[in-house]
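Using the numbering used here, you'd call the opening residue of the sequence shown number 104 and step up by one each time.
Remarks on the structure that follows.
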Amino acid sequence: GWFAIWLGGCAAISRDNYTQPVVIPVAVGGAQPAMREWVERYAELVALPTPKARQHYRQRRKELATYECGEGAVEILMLLTRPDLAADLNFADNRGLLAGCQDKPGWAGSDTSILAPLLLDQAALMAQQAARERASAQELTELRRQLNALKEIERSLQR
Numbered sequence: 104g105w106f107a108i109w110l111g112g113c114a115a116i117s118r119d120n121y122t123q124p125v126v127i128p129v130a131v132g133g134a135q136p137a138m139r140e141w142v143e144r145y146a147e148l149v150a151l152p153t154p155k156a157r158q159h160y161r162q163r164r165k166e167l168a169t170y171e172c173g174e175g176a177v178e179i180l181m182l183l184t185r186p187d188l189a190a191d192l193n194f195a196d197n198r199g200l201l202a203g204c205q206d207k208p209g210w211a212g213s214d215t216s217i218l219a220p221l222l223l224d225q226a227a228l229m230a231q232q233a234a235r236e237r238a239s240a241q242e243l244t245e246l247r248r249q250l251n252a253l254k255e256i257e258r259s260l261q262r
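Given below as structure tokens:
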């Protein structure tokens, strides 16, 4: 049978800003062991409480200097598909995370080479959605401020 992995996109505030999830079909009976392990690891990472997820992200970022195209980079991308981390500007710029990985020995054709670009795209979509939500919240705050100012003017005219 087939099993679909659904990566993020569920936490949209409105349907207008909904990010389509990335769906990766994986044959359960014949999935490569590495892909199955990634699926299990993804489930673990998205289930972490936010403080632990942030801590794990920071630890993996520190390790990147030594292990640039390894599992740490993929785990960072997995974490960035979480709406809580995608919305945090401290975790925003990861576009270059996989730069040069395609030239590394063992990368081409590996499960990681298939999964990582999908995660990178999904993390980028989540970051865009978070930016739209931030902009909407700022606009709403400004509109409330203007409405309160108009109410104050109305009250002063009634005196």
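Beta carbons: idealized from backbone N, C-alpha and C, even for Gly.
Of the residues assessed, G212 falls on the exposed side of the cut-off, its CB having fewer than 16 other CB atoms within 10 angstroms. For D214, the uninterrupted alpha helix (DSSP H) run begins and ends at 214 to 261, by DSSP. Taking a contact as a CB-CB distance under 8 Å, the pair A156 and L180 does not count as one, their CB atoms being some 13 Å apart.
Counted as a single uninterrupted DSSP element, the alpha helix (DSSP H) harbouring K165 occupies residues 153 to 166. Between the C-alpha atoms of E178 and S239 there is a straight-line separation of about 30 Å. With 16 or more other Cβ atoms from the protein chains shown falling within 10 Å of its own Cβ, P186 counts as buried. CA-CA distance, E245 to L253, rounds to 12 Å. In the structure shown, the three-state DSSP call for W210 is coil. The three-state secondary structure of R139, taken from DSSP, is helix.
Secondary structure at A202: coil, using DSSP grouped into helix, strand and coil.
Rounded to the nearest angstrom, the gap between the Cα atoms of A230 and A189 is 5 Å.
Leaving aside the five residues that flank W141 on each side, the residues in its chain whose CB is nearer than 6 Å to its CB run, in chain order, L218.
L183 carries a coil assignment under DSSP once its states are collapsed to helix, strand and coil.
In the three-state reduction of the DSSP assignment, G175 falls in the helix class.
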